[in-house]
Amino acid sequence: MDRSLEDRLRSSVREQKEGTSHTSRVSRKVDVSCLKELVARVVQRLCERGARNVLAFGFALLRGARGGPPVAFTTSVCSYLPNTVTETLRGSRAWGLLLRRLGDDVLVHLLARCSLYLLVPPSCAYQVCGPPLYDLCRRVEARPRTQLGRTSEGRGSTHQAWSSSHRQAGESPGLLGQGARRRPASTHLSPPSAKRTRHGPSGEQGARGHALPHAGRAQGRSDHGPSTVMPARTTMEATSSEGLQSGSCHSAPVGFGQKAGFQPKGRSPGPPVWVETKAFLYCLGSRECLRPSFLLSTLPPSLVGARRLVETIFLGPVPRRPGPPRRLSPRLWRMRPLFQELLGNHRRCPYAELLRTHCPLRAPVTETARGRGPSRPAGPPEEEAGAQHLVGLLRHHSTPWQVYAFLRACLRRLVPARLWGSRHNQRRFLKNTKRLVSLGRHGKLSLRELTWKMRVQDCTWLCQSPGHRCVPAAEHRRREALLARLLLWLMGTYVAELLRSFFYVTETTFQRNRLFFYRKSVWCQLQSVGVRQHLQRVWLRELSGTELRRLQEARPSLPTWRLRFIPKPRGLRPIVSMGHMLGARTSRREKVTGLSCPHRRSLTPMRVLNYERARCPGLLGASVLGMDDIYRAWRAFALRLRARDPVPPLYFVKVDVAGAYDSIPHDRLLEVITRVLQPPENPYCIRCYAVVQRAAHGHIRTSFKRHVSTLVDLQPYMQQFVAHLQEAGALRDAVVVEQSSSLNETSSRLLDFFVSFVRCCIIQIGARSYVQCGGIPQGSALSPLLCSLCYGDMERRLFPGIQQDGVLLRLLDDFLLVTPHLAHAKAFLGALVRGVPEYGCLINLGKTVVNFPVDDSLGGSAVRQLPAHCRFPWCGLLLDTRSLEVLHDYSSYARTSIKASLTFSPGFQAGRALRRKLFGVLRLKCHGIFLDLQVNSLQTVCVNVYKVLLLQAYRFHACVLQLPFDQQVHKNPPFFLRVISDTASLCYSILRARSAGVTLGTRGAGGPFPFEAAEWLCVHAFLHKLARHPCTYSTLLGTLRAVQARLCLKLPAATMAALEAATDPALTTDFRTILD
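At position 139 of the sequence shown the residue is numbered 139 (UniProt numbering), and the sequence of numbers has no breaks.
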């Protein structure tokens, strides 16, 4: 605000206090406009400037005469979506009073240049004007977090930080306060550095004049876990003469601490900070060779080609605009002969021979997918031979070691020895290559890990001038930046291109996130078999070019789906994912609101269906949408049944529908949807808004939501809407930003979307396009809700009284019936065995389970029959058929790797990431259905708690193995002991919250289950796992055993007997086959 506005504001306030005579004098000096006119003028200016302002959401400049009449008091602004915030402001008496007090200029400045918020008691607010708050949050989080080798967390002691900031409410001092040996010198250990850390200048101006943070400085003492001192050779700084711009790495994130979506004007994006495995996933193709458009394949092995390569690696891609070529600094100019040698090595490298040598096919794979058309099913002998061939192909994947050997051979052939500088640097890069190949589906390899322990002084080609002399700190950092650029290009571009060109990389259903590498020749045969099987199971009709164009013209926003396959132990699972829009033209509304994405187009119909489901819970029948729904239904059933005396015997039926998504009839599904939607005269009102809240560790969390209502329950103004959300308990301590609102979303428009979604589902398989004539696609978030609606309608028609004295649950297509009436159980099983063709329901007899005898008419020997009293499996749960107690089913972890199933990216703050990951998973696994003492007995709760903590110990070990920078347990034992102690505290606090109203324990280890009991189970679980790796955890085992012995003396004998029974090795047989 300039000086004149400040003086005018002060004078107006002073004259207001002096009396009415002064007020009249102010009114003569200040020209006051009508509030509606002033708001319209502000909106006009914002639209002309193209500024993002909450006040102008829903407004845009007119485009010729087609835009209709302009908004009142404007010349060229139209309103394409209602903006309730602006409408409230235009008619507000309080804002009118403020205008008369301040005048036009001040209020225009406030609305156009400032961000204003209105408080909605008791704890929320909504934004009135200014750039949306979530944009500001992104910019704040995008700023570099480290400067001058310091962190924003300060230089406090690591032990003090852990003790103060990571304590749970009501927890005891834990392991560190109970016999742990403290080592003051060991809490800040760092990886040994090959060179003394320099404390020089913080950084220099980059190529575009902005400073890049120093990424390789020692960060001092921190509270982020073990050994947070970073290596000294990972900076990305450079002078403008060398112009270090973004290279051609394909990894997604860019900039140190910067988000990819936010870049200052006139500046090129910063360098990527990590290489992600998703850069080489699911790359189709039949040829095992590098693409002709790959950079190294397009450049000649000459000085001209070398110059182009140097520019791409160290200066970024060549700009498209015409002009003189960029000048290279003398340092980069002298690199040309070295990179000319690299281009020559690439031309001479026998990639196909290296592939055959290091990744050979174990057996001749010559059978192709020809000879059987998709319309004629194969006979039983032919099917059996095809299944054996498919299993044989699935086993022809290359191991990570074979893939690494191929990459190592290529790198040794490509990179000249002088470019490595030394064998040490070469070995370091090859070690990182091996780590990249062994990462999981969501794995990342950070730039810090790439440059750690790399010796810059060995690379003489980085010198600015020949000769050996003292190297200043700034010059050393420039060399580090150049070397980091080269390493990032080699890993993110060259190595990733090799993997994309020669392998199809995918996850599997049986090894979670672990990656499997199939040679392209093998995967082509697998894909042809998978396509043939899919065409036999699903009714698809191929579209000609004319039909495809006709569909595009009739429905321009029609999404297309892409088919890919995930290997199973004995087959392939088809996955259909939503792709781009076919011939879509993005409207102005879609550009502003961001609704052009196919996934976002389905959000409004999904919210409408959820709104109707909330109004009429019976629409979904017995469907449960998650563990919370299962818990509520099972708890009510267990308490109701236990109130009967005596408790009758119960009969369990578990049924799985075969191909639920692919068999739903279109006509029946659209009929069900039509009955669910409101009549056309009662439209829906959709409000899109953002909620900005404070998250843990000072972060800001933004969530984008949609609220559906009708004119009956509409909250038209933001103040009423935010107050309504707070009363409903859905909002607290948040700022709400309205994005758009629609007051006329008719059921006919929604039904038209559902017709397109169901009947016009186009699937791309290779170069061909098909329309799905039956079933619905699986890749949309809308599909599970539609499937539940269809089966809910079936349940209401076929099984109206099946839940008498019992309970019927269905998780998507997995039915579970528990009833005390044997006749009901047999009738339910018989109806589903016969099938329900009008709903496309046909069950899989091989997955059907009962706990009572069945005859041949109900499936006979094909149905799995369990004893009357057993632990009945259903959807990851084990249900006691007599007591109705619930345990977790850990059989799915058999022969799997916890490391492969756990997505853990250490990043810069490895210790904090480890804590956040472990405690986040622990909160998910400590569900109320396992810990509720009204559902389960105390002994069953003890067993559930111990198994959760034992699996937590396996996750702990998996995270420790993935810590970067040689951060080992013996370098910082107090940190890892604190993690174990906090695990026990968090688990016990969750148990107390789930058992409200039940006294668990008292001070001094009294009560049925005191905190000391949970701590003993935690220590025992971690000892059970960590004792198998004594070399890794030698510094922890002694302390854990001492704590366990002290707890044994403190706990009563009866409690100890219950704990020892819960930790019986016979109860944890599922954990013996876990691979980690």
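All C-beta atoms in this analysis are idealised placements derived from N, C-alpha and C, irrespective of residue type, glycine included.
Using the rule of at least 16 other Cβ atoms within 10 Å of the residue's Cβ for burial, across every protein chain shown, is N682 buried or exposed?
-> exposed
Can you tell me which of the three DSSP states Y890 falls into?
-> coil
Is any heavy atom of the ligand PLP found at a distance shorter than 7 Å from the C-beta of V624?
-> Absence of the ligand PLP is noted for the structure shown, with no ligands found whatsoever.
Tell me whether A1014 is buried or exposed, calling it buried when 16 or more other Cβ atoms sit within 10 Å of its Cβ.
-> buried
Could you give the uninterrupted runs of the alpha helix (DSSP H) lying entirely in the region 908-955, keeping only those of 4 residues or more?
-> 910-925, 928-931
Evaluate K917 with the Cβ neighbour count: other Cβ atoms within 10 Å of its Cβ, from every protein chain shown; 16 or more gives buried, anything less gives exposed.
-> buried
I313 and L486 closer than 8 Å at C-beta = yes
6 Å Cβ shell around E37 - same chain, five flanking residues per side excluded | F73
Count the other CB atoms, across all protein chains shown, that sit within 10 Å of the CB of H397; report buried if there are 16 or more and exposed otherwise.
-> buried
In its own chain, which residues sit with a C-beta less than 6 Å from the C-beta of V120, not counting the 5 before and 5 after it?
-> Q719, V722, A723
G50 and L81: beta carbons closer than 8 Å?
-> no
Which residues in the same chain have their Cβ closer than 7 Å to the Cβ of R167, if we skip the five residues on either side of it in sequence?
-> Residue confidence for R167 is low, a pLDDT of 40 falling below 50, so the modelled location carries little weight; the figure read from the coordinates is stated next. There are no such residues.
Using the C-alpha atoms, what's the distance from L332 back to T277?
-> 30 Å
In its own chain, which residues sit with a C-beta less than 6 Å from the C-beta of L296, not counting the 5 before and 5 after it?
-> H346
Do the region 785-797 and the region 657-677 touch if we need at least three Cβ pairs shorter than 8 Å?
-> yes
Are the beta-carbon atoms belonging to C959 and C987 less than 8 Å from one another?
-> no
Under three-state DSSP, which class holds G618?
-> helix
Element boundaries [beta strand (DSSP E), containing C688] = 684-694
Is A1066 helix, strand or coil when you go by DSSP?
-> helix
Alpha carbon to alpha carbon, how far is H869 from L887? Give it in angstroms, no decimals.
-> 15 Å
Just reading off the alpha helix (DSSP H) that N744 is part of, what are its end residues?
-> Taken as a continuous stretch (DSSP letters only), N744 belongs to no alpha helix (DSSP H), being part of the beta strand (DSSP E) at 734-745.
Looking at C-beta atoms only, is the number of pairs between the region 493-513 and the region 554-574 that lie closer than 8 Å three or more?
-> yes
Measuring alpha carbon to alpha carbon, tell me which of I673, R706, W634 ends up nearest G806.
-> W634
Below 7 Å CB to CB, which residues in the same chain sit around L858 once its five sequence neighbours on both sides are set aside?
-> K826, L829, G830, V833
Quick one: using the 10 Å Cβ neighbour count with 16 as the cut-off for buried, is C34 buried or exposed?
-> exposed
Exposure label - A910; buried when at least 16 CB within 10 Å | buried
Which residue's Cα is closest to the Cα of R448: E885, Q457, L488?
-> L488
Within its chain, find whatever has a CB closer than 8 Å to the CB of P964; leave out the 5 residues flanking it on each side and keep chain order.
-> S446, R448, E449, W452, P906, A910
Nearest-angstrom Cα separation, counted from V71 out to T84 = 15 Å
Expressed to the nearest angstrom, what Euclidean distance is found between the alpha-carbon atoms of E671 and E795?
-> 15 Å
Counting only the same chain and skipping the five closest in sequence on each side, list residues whose C-beta sits under 6 Å from that of A1061.
-> none
At least 3 beta-carbon pairs within less than 8 Å: the region 965-977 vs the region 994-1001 | no
Who pairs with L772 in a beta bridge, going by DSSP?
-> Leu is not the amino acid found at residue 772; the sequence shown has Gln there. In the DSSP output, where bridge partners are listed per residue, Q772 has L540.
Please list, in chain order, all residues of the same chain as F294 whose beta carbon is under 6 Å from its beta carbon, the five residues on each side excluded.
-> E497
Who are the Cβ neighbours of L619 in its own chain at under 7 Å, not counting the five residues just before and after it?
-> E612, R613, V676, L789, G792
Spatial neighbours of A636 within its chain, please: CB distance less than 7 Å, with the 5 preceding and 5 following residues excluded, ordered by chain position.
-> none
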